[in-house]
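Asker:
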Amino acid sequence: MLSVPCLLVLSNSAEPQIYPSAAVRFGYTGGGTAQGIARVNRCGCDPCHVNRTLPTTRLLSNSSHSSFRFRLLRPLAATDRHGSPYAVDDPIGTLTTLTKPPDPRPLPLHNQASDLNSLIPSRRGEEMVLITLVRDYIGRLLQDIPGMKVLILDSGTVSIVSVAYSQSELLKKEVFLVELVDSMSKETMTHLKAVYFLRPTSENIQKLRRQLANPRFGEYHLFFSNILKITQIQVLADSDEQEVVHQVQEFFADFCAIDPYHFTLNMQMNHIYMLPAVVDPPSSHSFCDRAVDGIAAVFLALKRRPVIRYQRTSDIAKRIAQETAKLMYEQESGLFDFRRTEFSPLLLVIDRRDDPVTPLLNQWTYQAMVHELIGIEDNKVDLRNTPKVSKDQQEVVLSSEQDSFFKSNMYENFGDLGMNIKTMVDEFQQITNSNQNIQTIEDMTKFVNNYPEYRKMQGNVSKHVTMVTEMSRIVEERKLMIVSQTEQELACNGGQVAAFEAVTKLLNDETISDVDRLRLVMLYALRYEKESPVQLMQLFNKLASRSAKYKPGLVQFLLKQAGIDKRTGDLYGNRDLLNIARNMARGLKGVENVYTQHQPLLFQTMESIIKGRLRDVDYPFIGNHFQQGRPQDVVIFIVGGTTYEEARTVALHNAANSGTRFILGGSVVLNSKQNNDPRNVFWKMQVPKRPGRGTKDITHKQCCVNQKHGKLLVNIVYARAWYRVATGKRLPATCAADWR
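Residues are numbered in our numbering as their position in the sequence shown, beginning at 1, plus a constant of 450.
(1) Compute the Euclidean distance between the alpha carbons of Gly-945 and Ala-767, then round it to the nearest angstrom.
(2) Whose C-beta lies closer than 7 Å to the C-beta of Thr-815 among residues of the same chain, with five residues either side of it excluded?
(3) Would Leu-435 be called buried (16 or more neighbouring beta carbons within 10 Å of its own) or exposed?
(4) Excluding five sequence neighbours on each side, which residues of the same chain lie with their C-beta closer than 8 Å to the C-beta of Met-907?
(5) Using the Cα positions of Ser-963 and Arg-928, report the straight-line distance between them to the nearest angstrom.
(6) If I'm right that Leu-672 touches Val-698 with Cβ under 8 Å, what's the distance once you round it to whole angstroms?
(7) What do you get for His-641, buried or exposed, if any count of 16 or more other CB atoms within 10 angstroms of its CB means buried?
(8) Return the first residue and the last residue of the beta strand (DSSP E) that Phe-673 is part of.
(9) Do you know how far the Cα of Gln-852 is from the Cα of Glu-903?
(10) Do Pro-809 and Gln-1124 have their CB atoms nearer than 9 Å?
(11) Taking the straight line between their C-alpha atoms, what separation do you get for Asn-1074 and Thr-763?
(12) May I ask you to list the residues that DSSP assigns as paired with Ser-861?
(13) Within 8 Å: the Cβ of Asp-730 and any heavy atom of the ligand NAD?
(14) Would you mind giving the Cβ-Cβ distance between Pro-1050 and Tyr-760, rounded to the nearest angstrom? I have them listed as a contact below 8 Å.
(15) Shortest alpha-carbon distance to Ala-703 belongs to which of Tyr-974, Ser-912, Gly-606?
(16) I want to know whether the segment 686-696 touches the segment 650-659 - three or more CB-CB distances under 8 Å.
(17) Taking only three categories from DSSP, how would you classify Ile-1088?
(18) Would the beta-carbon of Gln-1082 fall within 9 Å of that of Pro-795?
(19) Just to confirm the assignment, what range does the alpha helix (DSSP H) spanning Ala-952 have?
(20) Return the bridge partner residues of Thr-815 from the DSSP annotation.
(21) Does Tyr-904 come out as helix, strand or coil in the three-state DSSP assignment?
(22) Could you tell me which whole beta strand (DSSP E) segments of length 3 or greater appear in the segment 824-853?
(23) Using 8 Å for Cβ pairs, my map puts Val-613 next to Ile-708. What's the rounded Cβ distance?
(24) Give me the Cα-Cα distance between Ile-984 and Arg-977, rounded to the nearest whole angstrom.
(25) How many Å lie between Asp-730 and Lys-1061 at the Cα?
(26) Give the straight-line distance between the Cα atoms of Asp-1213 and Leu-580, rounded to the nearest whole angstrom.
(27) Have a look at Asn-418 and Arg-802 and give me their C-alpha separation to the nearest angstrom.
(28) Kindly indicate the opening and closing residues of the beta strand (DSSP E) around Gly-1019.
(29) Just to confirm my understanding: we take Leu-1120, look at its own chain, exclude 5 residues before and 5 after, and list those with CB closer than 6 Å. What are they?
(30) Report the rounded CA-to-CA distance for Met-598 versus Asp-876, giving the unit in angstroms.
(31) Can you grab the Cα-Cα spacing for the pair Lys-992 / Pro-650, in whole Å?
(32) For Thr-549, which residues from the same chain have a beta carbon less than 7 Å from its beta carbon, with the 5 sequence-adjacent residues on both sides left out?
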């Protein structure tokens, strides 16, 4: 019989319980108290029977006694994600090295009062969308800690919580204060219980260490949004000298669920994905790690382990797919060992550069249009720069969970939206008129009882009217009806001569904005990159003469990054005979709305998955995990960012109940401004200061990189890399000399 290391848990109120410690990721010892003593021994007992359905949360430490002090017992043999071995800590002299791999089966969590499995449906026919999952996590996190609480978040988890819970809902959970972990006051509030919900980053662990050394609150309950490292747990254990930490848990909500089937990771350094890894290895490494963490959290929340495919032509997509597979199938195989289904879900990792057209287009459906013209960040819209907006409408929330009108109209086109808002305004006016006719005590009582709903409806009407009014002003000011029609023709229809004439006409129009001119030239260049180089050069020259801010080098850079030679999919439907026939049929039939006729490349990818036509040569599998049947759940992660047009495509498909459910995620949520503005992620390279020298600014005279890309803030490594990408040549020595 194999001798299995076991975790023996003793307490005053329960019989000893024996668990195979090799399958327990973390264990703790009590600080010499009788209330909680954990000890690791080698014994000849058989492993106890375990439930193979892993709970969605993991309890790492829990104590109902304020005097409980935990100390970490590290795993006997383990490595972190990057292959670095964990050291073995043997404080009681009873650990020995395993000669066989540990049992990967997940175990029940001792003394855990609640299990989110009871809240999350596991049957395919039931809804299990992202917002519901995150709300369940946060609700359980707050509900199980009675009394007055302060919720402490970081810059990442504040977005995760804010899109799922409103302030009034937090108040109902007895959360009377919300603070950021890096901007906390020093006031002592021992009457409050501190609930930390943080990403498990090194920076957050160090902040926690300093705060535990001088605690301000009576109790500390630590929750992390992803998998903790052994070293991080050790730091926390050693820092709890005053024994104020009551529990440490992992709640796998390390993603921002902005819609039921759409999530983002809000990665600030999104431009890193376009750079070769050798240019900035630390940033590239950090980018991939964050993507892997977010993807892993999604599947842990869904209680699934997927088969993984990636876009063959993208190095960054391949790297993220490989790291994700390594985490799920090797390093944390026990954590992902869920109940097996007939068909495993599919994770498909693709590159934004395979479809550069969709983020460049103006949008005409409500949610996408708001993000395009005004901007949405964590489901909030900033209207402070809007003329004549009231103070209570300077920042509004657009959430399908909290706003029934928005939920019903978020995918409606601009024309239908206007009619629906008019109907809502008419209904509100009828209610207002009825409230003015108060004559009896009964009428007054009815008005007072209905006043909260009346105020809520008033704010809702005002919010949507304000946004539609502002978008109408922008559309008229920038002549977007004319511009967008040409954009849609460039994206959907052929005819190079007519397209060239239309773009030239708009470039000559003084009322067209610079950003719209640049977008038109980009769309033309992507469509006719190989067909009309002479006309393309004419457009470059015209753009350069009329737009000093936007240089033709931006268009050339886009072609270098996302040109026809770099793309995998059939972006314009002119490579495959089936797509050509489909486009011809659509042209003969006509389109219902010329402004919304474009379909993102994602639509074709989804169709290929459903029909089993996604080519293995273009989207290979990772490892030996293949699947022939059609998956029931598909998570598509776009490295470089998603768009709300693509999110709409996914949501409409899922509403049709085709048998395959899609979830869309990405590093950020893009709009055309982020693609076109040289001050934003695509065109700006801001690097940390070099020791003793600061950040260097290449001026127009110092480096001809600026003649191609505008004024960039870069160092010599970036200068060389970007110049090679843009021109295919080496940076001249005269330009590089200033850096020596």
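Ideal Cβ placement from N, Cα and C applies to all residues, glycine included.
Answerer: Looking at the atomic coordinates:
(1) Counting from one through the sequence shown, the residue named residue 945 turns up at place 495. Counting from one through the sequence shown, the residue named residue 767 turns up at place 317. When only Cα atoms are considered, Gly-945 and Ala-767 end up about 34 Å apart.
(2) For this step, residue 815 is matched to residue 365 along the sequence shown. Excluding positions up to five away in sequence, the list reads Tyr-861, Glu-862, Asn-863, Thr-1046, Arg-1098.
(3) No statement about residue 435 is possible, as the shown extent of the chain runs from 451 to 1190 and does not include it.
(4) By 1-based counting over the sequence shown, the position of residue 907 is 457. The residues are Phe-878, Ile-881.
(5) Taking the sequence shown and counting its residues from 1, one reaches residue 963 at position 513. Taking the sequence shown and counting its residues from 1, one reaches residue 928 at position 478. C-alpha separation (whole angstroms): 6 Å.
(6) The residue given as residue 672 occupies position 222 in the sequence shown. The residue given as residue 698 occupies position 248 in the sequence shown. With 8 Å as the limit, Leu-672 and Val-698 qualify as a contact, their Cβ atoms being about 5 Å apart.
(7) As a working note, residue 641 is residue 191 in the sequence shown. When all chains shown are included, His-641 counts as exposed.
(8) Walking along the sequence shown from the start, residue 673 turns up at place 223. Element bounds for Phe-673: 667-674.
(9) Position 453 of the sequence shown holds residue 903. Position 402 of the sequence shown holds residue 852. Between Glu-903 and Gln-852, the alpha-carbon positions lie close to 13 Å from each other.
(10) Along the sequence shown, one-based indexing puts residue 809 at 359. Along the sequence shown, one-based indexing puts residue 1124 at 674. In contact: Pro-809 and Gln-1124 (Cβ atoms closer than 9 Å).
(11) In the sequence shown, the residue the question calls residue 1074 occupies position 624. In the sequence shown, the residue the question calls residue 763 occupies position 313. Cα to Cα, the separation comes out at about 20 Å.
(12) Taking the sequence shown and counting its residues from 1, one reaches residue 861 at position 411. This sequence places Tyr at residue 861; Ser is not what is there. Paired residues: none, contrary to the question.
(13) No copy of the ligand NAD occurs in the structure displayed, which carries no ligand at all.
(14) Translated into positions along the sequence shown, residue 1050 becomes position 600. Translated into positions along the sequence shown, residue 760 becomes position 310. With 8 Å as the limit, Pro-1050 and Tyr-760 do not qualify as a contact, their Cβ atoms being about 19 Å apart.
(15) One-based indexing of the sequence shown puts residue 703 at position 253. The shortest C-alpha separation from Ala-703 is found at Gly-606.
(16) yes
(17) Locating residue 1088 in the sequence shown gives position 638, where the first residue counts as 1. DSSP places Ile-1088 in strand when its eight states are reduced to three.
(18) The count along the sequence shown starts at 1 and reaches residue 1082 at position 632. The count along the sequence shown starts at 1 and reaches residue 795 at position 345. In this structure, Gln-1082 sits near Pro-795, with a CB-CB distance shorter than 9 Å.
(19) On the sequence shown, position 502 is the one that residue 952 refers to. Ala-952 -> alpha helix (DSSP H) spans 946-957.
(20) Counting from one through the sequence shown, the residue named residue 815 turns up at place 365. Answer is Asn-863.
(21) Position 454 of the sequence shown, counted from the first residue, corresponds to residue 904. Three-state DSSP puts Tyr-904 in a helix.
(22) Unbroken beta strand (DSSP E) stretches of 3 residues or longer found wholly inside the segment 824-853: 830-832, 845-847, given in chain order.
(23) As a first step, residue 613 must be located in the sequence shown, where it is residue number 163. As a first step, residue 708 must be located in the sequence shown, where it is residue number 258. Yes, they are in contact, since the Cβ atoms of Val-613 and Ile-708 sit about 6 Å apart, within 8 Å.
(24) Taking the first residue of the sequence shown as 1, we reach residue 984 at position 534. Taking the first residue of the sequence shown as 1, we reach residue 977 at position 527. First, the residue type needs correcting, since residue 984 is Val and not Ile in the sequence shown. Roughly 14 Å between the two C-alpha positions.
(25) Working through the sequence shown from its first residue, we reach residue 730 at position 280. Working through the sequence shown from its first residue, we reach residue 1061 at position 611. Taken atom to atom, the span from the alpha-carbon of Asp-730 to that of Lys-1061 is near 40 Å.
(26) This structure cannot speak to residue 1213, because the chain is shown only from 451 to 1190.
(27) The question about residue 418 has no answer, for the chain in this structure spans 451 to 1190.
(28) Your numbering for residue 1019 matches position 569 in the sequence shown. Unbroken run through Gly-1019: none, as it is neither H nor E.
(29) For this step, residue 1120 is matched to residue 670 along the sequence shown. Excluding residues within five positions, the ones whose Cβ falls inside 6 Å are Pro-809, Gly-1091, Thr-1093.
(30) The residue you call residue 598 lines up with position 148 of the sequence shown. The residue you call residue 876 lines up with position 426 of the sequence shown. Taking the straight line from one Cα to the other gives about 43 Å.
(31) Residue mapping note: residue 992 aligns to position 542 of the sequence shown, counting from 1. Residue mapping note: residue 650 aligns to position 200 of the sequence shown, counting from 1. Near 50 Å, if we compare the C-alpha coordinates of Pro-650 and Lys-992.
(32) Within the sequence shown, the letter at position 99 stands for residue 549. Because the pLDDT of Thr-549 is 29, which lies under 50, any placement of that residue in the model is unreliable, and the number read from its coordinates should be weighed accordingly. Cβ within range, chain order: n/a, list empty.
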